[in-house]
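Note sheet for the following structure.
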Amino acid sequence: PQGQMSSEEDAALLELLDANGLDWESLQAEGGVEQVTHLEMFLQEYPKMLSLHHFPFLRTLCLIRQEIKEIEGLEQCIHLEKLWIVENEVTEIKGLSGLHKLRELFLYSNHITHIANLEELTNLEVLWLADNNIHSLEGLGTLGKLRELNLARNDIVVIGDWLNNNTSLEVLNLADNSIGSFKEVRALSRLPRLTELCFADPMWGESPLAALCNYQTFVLFMLPKLTSLDTLVLADETKHLAEATFLKKQMYYNMRIKTVFRNARNIIRQANEGKKALQSFQRPLQVRLVMQQKEIQRELEELEHYGKSAATPVGAVGLTKEAAEALHQKLSTINAKLAKFSQQVSIINAE
Numbered sequence: 643p644q645g646q647m648s649s650e651e652d653a654a655l656l657e658l659l660d661a662n663g664l665d666w667e668s669l670q671a672e673g674g675v676e677q678v679t680h681l682e683m684f685l686q687e688y689p690k691m692l693s694l695h696h697f698p699f700l701r702t703l704c705l706i707r708q709e710i711k712e713i714e715g716l717e718q719c720i721h722l723e724k725l726w727i728v729e730n731e732v733t734e735i736k737g738l739s740g741l742h743k744l745r746e747l748f749l750y751s752n753h754i755t756h757i758a759n760l761e762e763l764t765n766l767e768v769l770w771l772a773d774n775n776i777h778s779l780e781g782l783g784t785l786g787k788l789r790e791l792n793l794a795r796n797d798i799v800v801i802g803d804w805l806n807n808n809t810s811l812e813v814l815n816l817a818d819n820s821i822g823s824f825k826e827v828r829a830l831s832r833l834p835r836l837t838e839l840c841f842a843d844p845m846w847g848e849s850p851l852a853a854l855c856n857y858q859t860f861v862l863f864m865l866p867k868l869t870s871l872d873t874l875v876l877a878d879e880t881k882h883l884a885e886a887t888f889l890k891k892q893m894y895y896n897m898r899i900k901t902v903f904r905n906a907r908n909i910i911r912q913a914n915e916g917k918k919a920l921q922s923f924q925r926p927l928q929v930r931l932v933m934q935q936k937e938i939q940r941e942l943e944e945l946e947h948y949g950k951s952a953a954t955p956v957g958a959v960g961l962t963k964e965a966a967e968a969l970h971q972k973l974s975t976i977n978a979k980l981a982k983f984s985q986q987v988s989i990i991n992a993e
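Laid out in structure tokens, this is it:
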């Protein structure tokens, strides 16, 4: 290669040429570069995406297991339609903004943490981001032409409304994520063209949702247009059976819910009746204790007055003290019972 290039760029260009059976002299000939529309690198020494500007007519680029850490060098490859950067060490989606003709993008088996910088890829139809570290579906809203989306083996928990704008979506793979709730399936009912869906895939693994009881029945009822679930083709009989089973279960659970509510109302009514009965039983006892309390207090006052009287015989003073102690002990017992009654009444009224 001629021209002003760094040794690193020169080495990268040589790798590209060697891996694809090309030579520099042929490329330099008139029309030579225009004929190179496909480049492929597999297990070569190409850790940086250098020297790609020499191939502006590329339509397909495939870079597999090159230890690439950053997507770069594609500014001149404006005709690119299919791009594979897989089984590398990419952590961020970037460097793709000028690829307006890109229809298929494969970035699986990298270290990507979130979906970003895809806004200008408005013609994208196929996107594979499987086997990464993605936590959210945010960032796909501008891909109105997206037909196939593979996000298997990531850390996604919630589908939510993130796919509402992807109305062209036909194939969706969410196997081996952390999705475990039926409500996430309801979110997919807003995708009118969805026909193939995976929450479990032999190639990737299984999401917790796929292990739930009635999983297939619920999914097929909510998404009747599916033709394939978890890589298995669905017969019409299977879908009809799922619909009938769901309706039967729905009717059964509705009846059970009504029974539970009816039983709950009966329990509440019985509890209220018991509360009233307890209150009617406790009230007379409480009144009786209050009367005894007042009677003892009156007797104590009389004893105190009697003990202080000058006419009280000397021997009777000791008897008066004994009687007062007995009355005080009895009064303490009554006060304790009244306090307990008050506590019980407070608890009953609170309930």
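Taking our numbering, the leading residue of the sequence shown gets 643, the next gets one more, and so forth.
Built from N, CA and C at the ideal position, the CB exists for glycine as well.
Where V641 sits in the DSSP three-state scheme
Here the chain has residues from 643 to 993 only, and residue 641 is not among them.
So, K736 versus E723, is the Cβ gap smaller than 7 angstroms?
no
Around the C-beta of D843, are 16 or more other C-beta atoms found within 10 angstroms, so that it is buried, or is it exposed?
buried
Would you list the one or two residues that DSSP bridges to M683?
L705
Which ranges would you report for the beta strand (DSSP E) in the segment 803 to 881 if only whole runs of at least 3 residues count?
813 to 815 and 838 to 840
Straight-line gap, V799 to L771 (C-alpha atoms, nearest Å)
16 angstroms
Inter-residue spacing [alpha-carbon to alpha-carbon] between F860 and L738:
39 angstroms
Assuming F748 contacts L725 under a Cβ cut-off of 8 angstroms, what Cβ separation, rounded to an integer in Å, is found between them?
7 angstroms
From the DSSP output, read off the bridge partner residues of F748.
W726 and W770
Pick out whichever of P866, C704 and S820 has its Cα sitting closest to the Cα of R835.
P866
For a quick check, are the C-beta atoms of L942 and I976 less than 7 angstroms apart?
no
Since L659 is in the alpha helix (DSSP H), which residue starts that stretch and which ends it?
S649 to A661
Bridge partners for E790 per DSSP, in chain order?
V768 and V813
With C-beta atoms as the reference, is N792 less than 7 angstroms away from N774?
no
Beta-carbon proximity check, M1021 vs V827, cutoff 7 angstroms:
What is shown of the chain runs 643 to 993, which leaves residue 1021 out entirely.
Does Q718 come out as helix, strand or coil in the three-state DSSP assignment?
coil
Is it buried or exposed for F684, if we count other Cβ within 10 angstroms and need 16 for buried?
exposed
Buried or exposed: C840, going by 16 or more other Cβ atoms within 10 Å of its Cβ?
buried
Three-state secondary structure (DSSP) of I909:
helix
Local Cβ density within 10 Å of C855, reported as buried at 16 or more and exposed below that:
exposed
Would you call W872 buried or exposed, if buried means 16 or more other Cβ atoms sit within 10 Å of its Cβ?
Inspection of the sequence shows that residue 872 is occupied by Asp rather than by Trp. With 16 or more Cβ atoms within 10 Å of its Cβ, D872 is classed as buried.
Apart from the five residues just before and just after G674, which ones in its own chain have a Cβ nearer than 6 angstroms to its Cβ?
S668
Proximity of L788 and L760 at Cβ, strictly below 7 angstroms
no
E729 versus P850 - alpha carbon distance
26 angstroms
6 angstroms Cβ shell around I706 - same chain, five flanking residues per side excluded:
F684, V728 and E729
Among L700, V678 and E731, nearest to L716 - alpha-carbon criterion
L700
Backbone CA spacing between A958 and H970 [nearest angstrom]:
Any reading at A958 must be qualified, since the residue scores a pLDDT of 46, below 50, and its modelled position is unreliable; the value itself is stated next. Between A958 and H970, the C-alpha separation is close to 18 angstroms.
Over what stretch of residues does the alpha helix (DSSP H) that includes S693 continue unbroken?
Taken as a continuous stretch (DSSP letters only), S693 belongs to no alpha helix (DSSP H), as it is neither H nor E.
Going by DSSP, what residue range makes up the alpha helix (DSSP H) through E667?
W666 to Q670
Since L779 contacts I801 with CB under 8 angstroms, what's their CB separation in whole angstroms?
6 angstroms
So, with DSSP's three-state summary, where would you put E762?
coil
In three-state terms, what does DSSP make of S778?
coil
Look at the alpha carbon of T618 and the alpha carbon of R904, and state the distance between them as a whole number of angstroms.
Within the shown structure, residues of the chain are numbered from 643 to 993, placing residue 618 beyond reach of any answer.
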